[in-house]
Amino acid sequence: MYRGLALVVYRNAPLWFSLTVTMTSISGLPLEENHPLAPLTTLGIGGPARWFARVGTESQLVEAFTWAEERGLRVFVLGGGSNLVVSDRGFDGLVVQPDLRGVTRTFQDDLCLFHAAAGEPWDAFVAQAIALDCAGIECLAGIPGTVGGTPVQNVGAYGQEVAETILRVRAFDRNSLRFHEFTAAECQFAYRQSLFNSTARDRFVVTAVEFALTPGGAPTLRYADLQRAFADQPSPSLAQVADKVRAIRHSKGMLLVPNDPDARSAGSFFRNPVVSAAEFAALAGKLGTPPPSYPAGELQVKLPAAWLIEQAGFARGFRLGNVGISSRHTLALINCGSGTAAELLALRDQITAAVFARFGIPLEMEPVLLGF
Ligand SMILES: Cc1cc2nc3c(=O)[nH]c(=O)nc-3n(C[C@H](O)[C@H](O)[C@H](O)COP(=O)(O)OP(=O)(O)OC[C@H]3O[C@@H](n4cnc5c(N)ncnc54)[C@H](O)[C@@H]3O)c2cc1C
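Numbering (this note's numbering), first residue to last: 2 to 373.
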């Protein structure tokens, strides 16, 4: 075992993030004590992890869980930190970041199967698929985070969800300490939901995902903004659609661009609530006019959370201390510089209370909480 002190200076992080951490190596498992988590999240908020390990292989992953188990420590799995709010006091356990890498391809019938390791950056993977002219995830360009994070909440945007192209998910079962391959049906995908964030929350660590993409396939143009953008161009390429998605994201502050103050967020902070047709009718009656809505399966309606929030009195650019609402997207709560998790959750509570008081609809937050 190696144990020593190191001065760690994080790239792109304010100087006060630099601190002295203890580094330990146990049979090749790189462990760090008091590792800052804020620089590993897109919000840039939160305290340190008591222990931190970035693991590059499946056997290191097993080793990390075994190490934590022997010490009675809780373990949290971190991807790209783009859907995460870390508490100000941090996490008193082990944070494991799967850094498994590699993408391979095989062909099956008319499909190209991409086997991507969990630690691959999602946006780069999308770019790779587009460069190989494979359709199916082009509308998901510009979403931050890792490949391994995408099945967890069934990432979706601009008319596509990963559930549509995921064939299999390989995951480590923290209970049995074995690996398991899930079919798409076994993943139980729904709107921003899967087995991994619902019935089996925190039980599985995704180590690889297999996507079935369509070589030479046409891009998906289901989303109204994209249909409008290509109204005069009947056959845009995958790259053109992905570029348009990025441009729309940028205009809304939903693309990670350095020094964009609206991009210090965790993406959409609230899910769009889904209500029954009867609840929708009651709400329309109460308001005197039907609110904006989208169909969401049989006898269900999805309401835009952004509209509910604006109608409840919160405008873009709203500030509460050092946090606020993005000036370009009502659903994104941002860290305005030196925001804290306590401030962010106070803003969340103000918004959810106001929406509930006005519409009787509970808003659910989308990002995951750690250390609260
Ligand atoms: C600017 C911006 C725009 C965004 N736009 C969208 C969007 O359009 N659509 C959308 O759906 N999301 C969006 N998001 C949210 C986020 O990018 C996605 O949810 C992303 O997939 C999270 O992946 P991650 O690797 O960053 O996960 P993290 O944030 O690190 O973790 C999120 C959750 O997933 C779990 N997790 C992560 N990796 C693994 C793994 N390998 N195995 C098991 N569990 C794991 C974590 O434990 C945690 O519970 C956006 C975020 C930002 C900041």
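Cβ coordinates follow ideal geometry from the N, Cα and C atoms, glycine included.
Keep in mind the model is a prediction, meaning the values are calculated, not measured.
Q | Beta-carbon proximity list for Q109, same chain, < 6 Å, skipping 5 on both sides | A | Numbered from its first residue, the sequence shown carries residue 109 at position 108. The answer is none, since no qualifying residue turns up.
With 16 other Cβ atoms within 10 Å as the buried cut-off, status of F373
On the sequence shown, residue 373 is found 372 positions in, with the first residue counted as 1. By the 10 Å Cβ count, F373 comes out exposed.
Give the C-beta separation of G48 and S88 to the nearest angstrom, bearing in mind that I take them to be a contact with Cβ-Cβ under 8 Å. Position 47 of the sequence shown, counting from 1, holds the residue named residue 48. Position 87 of the sequence shown, counting from 1, holds the residue named residue 88. Contact holds; Cβ gap of about 7 Å.
>> Below 8 Å, how does it come out for the region 211-226 and the region 167-181: are there three or more Cβ pairs, yes or no?
In response: yes
Checklist entry - Quick one, which of L74, P31 and T43 has its alpha-carbon nearest Q61's? => result On the sequence shown, residue 61 is found 60 positions in, with the first residue counted as 1. Minimum Cα distance to Q61 is reached at P31.
Return the bridge partner residues of N198 from the DSSP annotation.
Here residue 198 refers to the residue found at position 197 when the sequence shown is read from its first residue. In DSSP, N198 forms no bridge with anything.
(Q) At the level of alpha carbons, what is the spacing between V22 and R75? (A) Locating residue 22 in the sequence shown gives position 21, where the first residue counts as 1. Locating residue 75 in the sequence shown gives position 74, where the first residue counts as 1. Reliability fails at V22, whose pLDDT of 47 lies under 50, so the model's placement of it is uncertain and the value that follows must be treated cautiously. For V22 and R75, the distance between alpha carbons rounds to 20 Å.
Task: T107, enclosing alpha helix (DSSP H) - first and last residue - done: What you label residue 107 is simply residue 106 of the sequence shown in a count that begins at 1. Not the alpha helix (DSSP H): T107 falls in the beta strand (DSSP E), residues V104 to Q109.
(message) With a threshold of 7 Å on Cβ separation, who are the neighbours of P237 within its own chain once the five nearest residues in sequence on each side are excluded?
(response) Numbered from 1 along the sequence shown, position 236 holds the residue referred to as residue 237. Here the set comprises P220 and F231.
Requested in this report: Going by CA-CA distance only, name the one from Q161, P40 and F53 that's closest to E34.
Outcome: Along the sequence shown, one-based indexing puts residue 34 at 33. When each option's Cα is compared against that of E34, the closest is F53.
Helix, strand or coil: how does DSSP classify I352 here?
On the sequence shown, residue 352 is found 351 positions in, with the first residue counted as 1. Reduced to three states, the DSSP call for I352 is helix.
Notebook entry, point to check: Can we count T107 as close to ligand 1, meaning its CB is less than 8 Å from some heavy atom?
Noted result: By one-based count along the sequence shown, residue 107 stands at place 106. No, ligand 1 has no heavy atom inside 8 Å of this Cβ.
Could you check how far apart the C-beta atoms of I310 and I352 are, in whole angstroms? I think they sit under 8 Å.
Here residue 310 refers to the residue found at position 309 when the sequence shown is read from its first residue. Here residue 352 refers to the residue found at position 351 when the sequence shown is read from its first residue. I310 to I352, Cβ: 6 Å. Contact.
For H181, name the three-state secondary structure that DSSP assigns. To locate residue 181, count along the sequence shown from 1; it is residue 180. H181 falls in the strand class under three-state DSSP.
Q. Residue ranges of each beta strand (DSSP E) run of no fewer than 3 residues wholly in the region 312-373, ordered along the chain?
A. 324-326, 334-336 and 369-371
With a cut-off of 8 Å, do at least 3 Cβ pairs link the region 313-328 to the region 338-357?
yes
With a threshold of 8 Å, are at least 3 pairs of Cβ atoms found where one atom belongs to the region 192-207 and the other to the region 223-230?
no
| message | With a threshold of 8 Å (Cβ to nearest heavy atom), would Q154 be considered close to ligand 1? | response | Position 153 of the sequence shown, counting from 1, holds the residue named residue 154. Yes, the Cβ of Q154 comes within 8 Å of a heavy atom of ligand 1.
Discussion item. Per DSSP, what are the beta-bridge partners of G157 in this structure?
Written reply: Taking the first residue of the sequence shown as position 1, residue 157 is located at position 156. Bridge partners of G157: E162.
Using 9 Å as the threshold, is the C-beta distance between G146 and V207 below it?
Walking along the sequence shown from the start, residue 146 turns up at place 145. Walking along the sequence shown from the start, residue 207 turns up at place 206. Contact: no.
Check: What number of angstroms, rounded off, separates the C-alpha of E59 from the C-alpha of R265?
Finding: Residue numbering aside, residue 59 sits at position 58 when the sequence shown is read from its first letter. Residue numbering aside, residue 265 sits at position 264 when the sequence shown is read from its first letter. Approximately 31 Å, taken between the alpha carbons.
Since I believe V302 is in contact with C140 (beta carbons under 8 Å), could you give me their beta-carbon distance rounded to a whole number of angstroms?
If you number the sequence shown from 1, residue 140 lands on position 139. If you number the sequence shown from 1, residue 302 lands on position 301. That pair is no contact at about 23 Å.
**Asked** Within 8 Å: the Cβ of P99 and any heavy atom of ligand 1?
**Response** Counting from 1 along the sequence shown, the entry for residue 99 is found at position 98. Yes.
How far does the alpha helix (DSSP H) with Q241 in it extend, from its first residue to its last?
Reading the sequence shown from its first residue, position 240 is the one you call residue 241. Looking at the DSSP string, the run of the alpha helix (DSSP H) that includes Q241 is L239 to S252.
Requested in this report: Examine ligand 1 and report whether any of its heavy atoms sits within less than 8 Å of the Cβ of M366.
Outcome: Taking the sequence shown and counting its residues from 1, the one referred to as residue 366 is at position 365. No - ligand 1 has no heavy atom lying nearer than 8 Å to the Cβ of M366.
In whole angstroms, what separates the C-alpha of T151 from that of T107? Residue mapping note: residue 151 aligns to position 150 of the sequence shown, counting from 1. Residue mapping note: residue 107 aligns to position 106 of the sequence shown, counting from 1. T151 and T107: Cα-Cα distance of roughly 21 Å.
ask   = Under the three-state reduction of DSSP, which class applies to S60: helix, strand or coil?
value = Working through the sequence shown from its first residue, we reach residue 60 at position 59. Helix.
Alpha carbon to alpha carbon, what distance is there between G325 and F315?
Numbered from its first residue, the sequence shown carries residue 315 at position 314. Numbered from its first residue, the sequence shown carries residue 325 at position 324. Cα to Cα, the separation comes out at about 10 Å.
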